[in-house]
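These notes concern the structure reproduced below.
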Amino acid sequence: MELHHQYYFFTLFSVIFVVSHAANLSPEVYWRVKLPNTPMPTPIKDALHISENELHKVRQPWGVFSSWYQAAPENELHKVRQPWGVFSSWYNDAAKKDLNDNHPMTPYFFETDLHQGKKMNLQSLKNYNPAPILPRKVVDSIAFSSDKIEEILNHFSVDKDSERAKDIKKTIKMCEEPAGNGEVKHCATSLESMVDFTLSHLGTNNIIAISTEVEKETPEVQTYTIEKVEEKANGKGVVCHKVAYPYALHFCHDVGSSRTFMVSMVGADGTKVNAVSVCHEDTASMNPKALPFQLLNVKPGDKPICHFTLDDQIALFPSQNALAENK
Numbered sequence: 005m006e007l008h009h010q011y012y013f014f015t016l017f018s019v020i021f022v023v024s025h026a027a028n029l030s031p032e033v034y035w036r037v038k039l040p041n042t043p044m045p046t047p048i049k050d051a052l053h054i055s056e057n058e059l060h061k062v063r064q065p066w067g068v069f070s071s072w073y074q075a076a077p078e079n080e081l082h083k084v085r086q087p088w089g090v091f092s093s094w095y096n097d098a099a100k101k102d103l104n105d106n107h108p109m110t111p112y113f114f115e116t117d118l119h120q121g122k123k124m125n126l127q128s129l130k131n132y133n134p135a136p137i138l139p140r141k142v143v144d145s146i147a148f149s150s151d152k153i154e155e156i157l158n159h160f161s162v163d164k165d166s167e168r169a170k171d172i173k174k175t176i177k178m179c180e181e182p183a184g185n186g187e188v189k190h191c192a193t194s195l196e197s198m199v200d201f202t203l204s205h206l207g208t209n210n211i212i213a214i215s216t217e218v219e220k221e222t223p224e225v226q227t228y229t230i231e232k233v234e235e236k237a238n239g240k241g242v243v244c245h246k247v248a249y250p251y252a253l254h255f256c257h258d259v260g261s262s263r264t265f266m267v268s269m270v271g272a273d274g275t276k277v278n279a280v281s282v283c284h285e286d287t288a289s290m291n292p293k294a295l296p297f298q299l300l301n302v303k304p305g306d307k308p309i310c311h312f313t314l315d316d317q318i319a320l321f322p323s324q325n326a327l328a329e330n331k
């Protein structure tokens, strides 16, 4: 009995030690500990690299906004293409203004379009969102809810009537809204939170994480030709979209069965792109009046529908080794 008690207390102490130790790890080390076999995607690395002379501003979180987000001049803010429409468009009725557009680009397409030689008119997949990833212990000390919006705006020295204030309010509201039918969602305010959600949802730490790679700044819309298509995953997965906020905040969600591809393309100007394409295999439960179905003139459940992700978004899914282990 005494030996049993000793074992119990030793186990409890070990758990407490591991939990407390993990809480003190930097976001980068936390990723390596939790996902030892998963190379970190470039967008995550870039958002983690905060120069030493900026660290004092991170310790005073209001400086994060002015030194990073406001570093983008007003005339550059159009480059920040928020992916709100990517997820709301599946569940909400299409806006009339969207249906009346001529759509010179291809926001949604069929899985059968992903083949060598296919030409697509695409908006640049390069995004401009310099918000830095902060440690969880920092962001957890900052309010994050609609009923504390005044406190949040004051914290980051944001004018309540500014466009940035509108983005902050929209992001928080989106995070607080219930998930769509068949959707699992999570707003990750830190890299640690993103990792924890992914591990819990996918049920394995044998994970592949990929992102779109764009060679250079490109025209707003141009014709791309597909050179190669490689399937990376089939089944469960998570996509994390970086959205507008003073620090890096990712809207992570799983919208059901999907296939994920890495698509190599070349633009008319010679720009090379390796783009992540997420194809939704099961759309039967989605809104028939949603934008993807209206644009493609199909009904939910008819065909798999795909879209590309911007270069600051992350797709995560079980590796083939993890899938083999579960068989």
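Residues 5 to 331 (the numbering used here) make up the sequence shown, in order.
Every residue gets a Cβ at the ideal spot worked out from N, C-alpha and C, and that includes glycine.
| Item | Value |
| --- | --- |
| Per-residue burial, T264 [other beta carbons within 10 Å of its own, 16 or more giving buried] | buried |
| Anticipated Cβ contact below 8 Å, F321 with G207, distance rounded | About 12 Å; that fails the 8 Å criterion. |
| Nearest-angstrom beta carbon gap, E234 and M266 [assumed within contact, 8 Å] | 5 Å |
| Cβ neighbour criterion (16 or more within 10 Å) applied to S281 | buried |
| DSSP-derived helix/strand/coil call for I146 | coil |
| Contact the segment 141 to 155 vs the segment 34 to 52: 3+ CB pairs below 8 Å | no |
| Best match in Y112, G305, G186 for proximity to G260 [C-alpha to C-alpha] | G186 |
| Residue from A288, L253, V218, F297 with nearest C-alpha to G274 | V218 |
| Within-7 Å CB hit, Y251 to chain C | Here there is only one protein chain, and chain C is not present. |
| Neighbourhood of T42 by C-beta, 6 Å cutoff - its chain only, sequence neighbours within 5 removed | I211, A213 |
| Per-residue DSSP class, three states only, for S55 | Because S55 carries a pLDDT of 41, less than 50, the predicted location of this residue cannot be relied on, and no value is offered for it. |
| The segment 296 to 316 in contact with the segment 182 to 196 per 3-pair CB rule at 8 Å | no |
| Chain-order list of residues whose beta-carbon lies under 8 Å from that of P40 (same chain, five-residue window excluded) | N209 |
| Backbone CA spacing between L314 and D151 [nearest angstrom] | 31 Å |
| Any 3 or more C-beta pairs closer than 8 Å across the segment 123 to 140 and the segment 156 to 173 | no |
| Length-filtered (3 minimum) beta strand (DSSP E) runs lying within the segment 151 to 196 | 188 to 192 |
| Beta carbon of C310 nearer than 7 Å to that of F113 | yes |
| Between the CA atoms of L295 and K272 - distance to the nearest angstrom | The sequence shown places Ala at residue 272, rather than the Lys named in the question. A272 and L295: Cα-Cα distance of roughly 27 Å. |
| Closest Cα partner of C179 within the set L253, E167, G121, E285 | L253 |
| Heavy atom of the ligand FMN within 6 Å of D165 beta-carbon | The ligand FMN is not part of the structure shown, which contains no ligands of any sort. |
| Buried versus exposed, by CB contacts within 10 Å (16 or more), E181 | exposed |
| Bridge partners - S281, DSSP secondary structure assignment | F265, F312 |
| Where E32 falls: helix, strand or coil (DSSP) | helix |
| Counterpart residues of T287 in DSSP-defined beta bridges | DSSP output for T287 lists no bridge partner at all. |
| Nearest candidate by alpha-carbon position, reference I146, set L29, Y251, K189 | Y251 |
| Identity of the residues DSSP links to T42 by a beta bridge | In the DSSP output, where bridge partners are listed per residue, T42 has none listed. |
| Exposure of A288, with buried meaning 16 or more beta-carbon neighbours within 10 Å | exposed |
| Helix, strand or coil at L320 according to DSSP, with G and I counted as helix | strand |
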